[in-house]
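Just so you know, the protein sequences line up as chains A and B, in that order.
Residue numbers are given in my numbering: position 104 of the first sequence equals residue 96, and the series is strictly consecutive.
In my numbering, each residue carries its 1-based index in the second sequence increased by 43.
Don't be surprised by glycine CBs; every beta carbon is placed ideally from N, CA and C.
Reading through the C-alpha cells given below for one structure.
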Amino acid sequence: MGSLRFRAPGIRATPKGAAVAGGYFAVTNLGTEPDRLVSIASEIASSAEVHEMNMSGGMMTMRPVDKPLEIKPGGTLELKPGGYHVMFTELRHGLKEGDKVKATLVFEKAGKIDIEFLVGGLAAVGPAGGGQMPKHKM
Amino acid sequence: MLKRIRIVLWVACAIPILALVAVGVMELTQGSEGVRSLQASGIGGPFRLASSAGGDLSSEDLRGKPFIVFFGFTRCPEVCPTTLADISSWLDALGPDGKEIRALMISIDPERDSVASLKDYLSSFNEQIIGLTGTPAQIAEVAKAYRVYYAKHPLKGGDYTMDHSALIYLMDRQGKLAGTLTYGDKAEDALAKLRRLLPSA
C-alpha cells in the first residue's frame, strides 16, 4: 500500500465525435517525502498529459504544464475544472456517462499506479462530488 | 516550412485582433458600463458562414430574432463543452418561450472544425444550437466584429490549441448587444438575461 490516496477520478462525457476529453482527480500524499506526477497513459487516447487552464478577463488559455506537478507530504494535488486537468487527445472512441476508463499514472517515487476514471455527464465537473464551478475574476 | 508560414500568418492575423480585444476585454471587465461602451462601439456585424444546420447562415437571416453567440472549438476539453451544456440547460429551462432564441457557436479553429464535425459535436446538445465555420479569413472578420481574440498556441508534435475569449454575447432582435454571459455564471442570472431578449419581456 503506497502513500498516495486518490479521490474521485472523473472524466466529462464527450460530445459526439470529440477528439479530446478532460479528466480530473485529487491525490493526497500521506508519506513523508514529496512526490511528483511524471506521466499519464490511457488506452482511450493516444496521448494524455496534464494541462492547466486559465481564465482571466474573459480569456481562456490552456497550456501543458512544463514540469511534473509536486505533491508535498500531507498535501493534495487537485485536478479540477478551472485549473489542472488531464488532457486526453486523439480519443479512440467517445465516452458516455457511466463508462469506466483505465489509466496508468507514473509518479517519481510511488512508481506506476493504475486508476479508473468514472465518466460523468456532459456538464460534469470534478473531482466528482465537488460539484462546484470555478471562481473566475471578472 | 509550410507550417512556419502558417504560424506566421496566424500571428499576423492575431496582432490587430489582439489590439482590439485588449480594449474589448478591458471594457467588458467593467460590468454594465462595459456593455454600454461595447454597444457604443457597435459590437457585432454582418457575417455569412457555413452552418451545421445546412447551407449558410448570415446575419440577415437573424434579423428580427434574438440570438446568443460565442466563439469556441471542438478540441476544447472544458470551457466549450461546459458552455454548450450551460446554454442547453438554459434553453431547456426557457422551454417554448425560448424557442425564438438562436444559439450560435462560431469556430475559431476553422482548419479543424468542418461543418460535418460541428454538426456531430453539437448533436449532443440542445438542437437550437447551430455551429458556424468558414475560411480563416471569414472567421477573422467575424471575430473582429465581435472583438473576440483568438490565437493558435503550438503544442508538441505539430499539434496546437487555441487561446480564445470565452464570452457569450446576447444580441437583441435589432442585432445589438444586450449583455454578456461567461463561463461559470449562475443559471438564474443567465435565465434572467435571456428572458429580457424575448418579446414579452
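Distance, residue j Cα to residue i Cα
| i | j | result |
| --- | --- | --- |
| Arg28 (chain A) | Glu100 (chain A) | 5 Å |
| Arg238 (chain B) | Gly141 (chain B) | 8 Å |
| Asn46 (chain A) | Ile149 (chain B) | 21 Å |
| Leu61 (chain A) | Phe116 (chain B) | 27 Å |
| Gly121 (chain A) | Phe114 (chain B) | The predicted model places Gly121 (chain A) with a pLDDT of 40, which falls under 50 and marks its position as unreliable; any figure quoted below should be read in that light. Looking at the two C-alpha atoms, the distance is approximately 29 Å. |
| Ala5 (chain A) | Glu121 (chain B) | 11 Å |
| Leu71 (chain A) | Val19 (chain A) | 9 Å |
| Ile3 (chain A) | Met79 (chain A) | 10 Å |
| Ala183 (chain B) | Met205 (chain B) | 14 Å |
| Ile144 (chain B) | Ala93 (chain B) | 19 Å |
| Leu213 (chain B) | Ala188 (chain B) | 14 Å |
| Ala180 (chain B) | Arg(-3) (chain A) | 50 Å |
| Leu69 (chain A) | Asp202 (chain B) | 27 Å |
| Val12 (chain A) | Gly103 (chain A) | 26 Å |
| Arg84 (chain A) | Val112 (chain B) | 30 Å |
| Gly138 (chain B) | Lys199 (chain B) | 44 Å |
| Thr126 (chain B) | Gly50 (chain A) | 13 Å |
| Val98 (chain A) | Ala40 (chain A) | 12 Å |
| Ala128 (chain B) | Ile63 (chain A) | 32 Å |
| Leu147 (chain B) | Leu241 (chain B) | 17 Å |
| Arg106 (chain B) | Pro197 (chain B) | 38 Å |
| Ala44 (chain A) | Lys59 (chain A) | Before going on, a small fix: residue 44 (chain A) reads as Glu here, not Ala. Cα to Cα, Glu44 (chain A) sits roughly 12 Å from Lys59 (chain A). |
| Met54 (chain A) | Leu87 (chain A) | 22 Å |
| Glu170 (chain B) | Asp135 (chain B) | 10 Å |
| Arg118 (chain B) | Gly97 (chain B) | 22 Å |
| Lys195 (chain B) | Asp104 (chain B) | 30 Å |
Buried or exposed by the 16-neighbour rule on C-beta atoms within 10 Å, applied to residue i
| i | result |
| --- | --- |
| Ala159 (chain B) | exposed |
| Thr225 (chain B) | buried |
| Pro153 (chain B) | buried |
| Asp156 (chain B) | buried |
| Gly227 (chain B) | buried |
C-beta contact flag for residue i and residue j at 8 Å
| i | j | result |
| --- | --- | --- |
| Leu165 (chain B) | Ser95 (chain B) | yes |
| Ile172 (chain B) | Ile130 (chain B) | yes |
| His77 (chain A) | Gly9 (chain A) | no |
| Gly177 (chain B) | Lys162 (chain B) | no |
| Gly87 (chain B) | Gly218 (chain B) | yes |
| Pro73 (chain A) | Glu25 (chain A) | no |
| Ser167 (chain B) | Val191 (chain B) | no |
| Met(-5) (chain A) | Leu22 (chain A) | Per the sequence shown, residue -5 (chain A) should be read as Ser rather than Met. Their beta carbons are under 8 Å apart, which means Ser(-5) (chain A) touches Leu22 (chain A) by this criterion. |
| Pro109 (chain B) | Arg216 (chain B) | yes |
| Gly89 (chain A) | Gly112 (chain A) | According to the sequence shown, residue 89 (chain A) is Glu rather than Gly. It is a contact, given that the beta carbons lie within the stated cut-off. |
| Ala37 (chain A) | Thr81 (chain A) | yes |
Where residue i sits in the DSSP three-state scheme
| i | result |
| --- | --- |
| Thr126 (chain B) | helix |
| Pro56 (chain A) | strand |
| Glu89 (chain A) | coil |
| Ser(-5) (chain A) | coil |
| Ser101 (chain B) | strand |
| Glu184 (chain B) | helix |
| Arg147 (chain A) | This structure cannot speak to residue 147 (chain A), because chain A is shown only from -7 to 130. |
| Ser167 (chain B) | coil |
| Val66 (chain B) | Any reading at Val66 (chain B) is ruled out, since the residue's pLDDT is 48, under 50, leaving its predicted position unreliable. |
| Ile88 (chain B) | According to the sequence provided, residue 88 (chain B) is Gly. The question's Ile does not apply to it. Coil at Gly88 (chain B), not helix or strand. |
| Ile231 (chain B) | According to the sequence shown, residue 231 (chain B) is Glu rather than Ile. Three-state result, Glu231 (chain B): helix. |
| Ser160 (chain B) | helix |
| Pro95 (chain B) | Pro is not the amino acid found at residue 95 (chain B); the sequence shown has Ser there. Coil, per DSSP. |
| Glu82 (chain A) | strand |
| Ala102 (chain A) | coil |
| Glu143 (chain B) | helix |
| Gly15 (chain A) | strand |
| Pro197 (chain B) | strand |
| Gly138 (chain B) | helix |
| Lys236 (chain B) | helix |
Contact set for residue i: own chain, Cβ-Cβ below 7 Å, skip 5 residues either direction
| i | result |
| --- | --- |
| Arg91 (chain B) | Asp99 and Ser101 |
| Lys94 (chain A) | Ser34, Glu35, Asp106 and Glu108 |
| Leu114 (chain A) | Arg4, Ala5 and Pro7 |
| Asp91 (chain A) | Val111 |
| Gln73 (chain B) | Only weak support is given to the placement of Gln73 (chain B): the predicted model assigns it a pLDDT of 45, under 50, and the question is left unresolved by the model. |
Beta-carbon contacts of residue i that lie in its chain and below 8 Å, excluding the five residues immediately before and after
| i | result |
| --- | --- |
| Trp133 (chain B) | Gly141, Ala230, Ala233, Leu234 and Leu237 |
| Val42 (chain A) | Leu29, Ile32, Pro56, Val57, Leu61, Leu71, Tyr76, His77, Val78 and Met79 |
| Ile151 (chain B) | Phe114, Gly115, Phe116, Ile182, Ala186, Val191, Tyr193, Met205 and His207 |
| Met52 (chain A) | Met45 and Asn46 |
Residues of its chain near residue i, where Cβ-Cβ distance is below 6 Å and the 5 sequence neighbours each way are ignored
| i | result |
| --- | --- |
| Val66 (chain B) | Model confidence at Val66 (chain B) stands at a pLDDT of 48, short of 50, so the residue's coordinates are unreliable; what they give is reported in the following sentence. No residues qualify anywhere along the chain. |
| Pro89 (chain B) | Ser102 |
Check: residue i C-beta below 7 Å from any heavy atom of the ligand FAD
| i | result |
| --- | --- |
| Lys59 (chain A) | Only the bare structure without any ligand can be found here, which leaves the ligand FAD out of the picture. |
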